[in-house]
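Accompanying notes for the structure given below.
Numbering (our numbering), first residue to last: -13 to 223.
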């Protein structure tokens, strides 16, 4: 398998399998939202798209951020702590984030798209292996100018090591996430937007035994959780 690394701006050029990675916090939040009972998550690129889609799905919830900050008119921010304390049973969520959902939208030409963070990494790797793709693109969505994104690169390194059956220094991976530029936001225990508990939840490696796959439902991208033992992976198109 050929493995490529891109950021969200350069995503979309490979057509086999793509994994959008966002550890802090989009796909950690998504995973905890599914664990709280969410049924589907619709990733979108812009705030306007989110509001338009909510008009089409009136019972849905809006979740997301702009540069990490909550969005006026949205129901939820982009915090795993927040969603883990809610009962989201059966809820459909429309998700907009600065990095993670952009990586998904840019990868729409891929045959298969997964969203990944550390808390569901082994299930995601198992799903990738079951496909038998010739190429894999790791979309490290947090990588931006100014030294941002090592938390996503670390997650990408762990995915690659698992796929190649290489030794993994888990302590090093965790320390890289903690010491990343994004990770250093989460140092104030009671911060209203960047609580330390968000980082704690993001660092719970393999907390969940499901993977998150993005599919095309008519004209909408929709993310669903799947358990490797009970589901057949579908091509996006």
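Ideal Cβ placement from N, Cα and C applies to all residues, glycine included. Quantities reported herein were computed from a predicted structural model and do not represent experimental measurements.
| Taking three-plus beta-carbon pairs below 8 Å as touching, is the stretch 201 to 209 in contact with the stretch 82 to 101? | yes
| query | Just to confirm, are residue -8 and residue 124 a CB contact at a threshold of 9 Å? | reply | yes
| field | First and last residue of the uninterrupted beta strand (DSSP E) at residue 7 | value | 3 to 7
| Does the Cβ of residue 213 have 16 or more other Cβ atoms within 10 Å, making it buried, or fewer, making it exposed? | exposed
| message | Suppose you measure from the CA of residue 148 to the CA of residue 128; what does that come to, to the nearest Å? | response | 21 Å
| query | Under 9 Å, do residue 103 and residue 77 count as touching if we go by C-beta distance? | reply | no
| task | Specify the secondary structure class of residue 215 as computed by DSSP and reduced to three states. | result | Unreliable positioning characterises residue 215 in this predicted model, as indicated by a pLDDT of 47, which lies under 50. A coordinate reading is not provided.
| message | Measuring alpha carbon to alpha carbon, tell me which residue in 54, 20 and 24 is nearest residue 177. | response | 54
| Simplified DSSP assignment, three categories, for residue 123 | strand
| field | Through-space distance from residue 122 to residue 5, alpha-carbon basis | value | 8 Å
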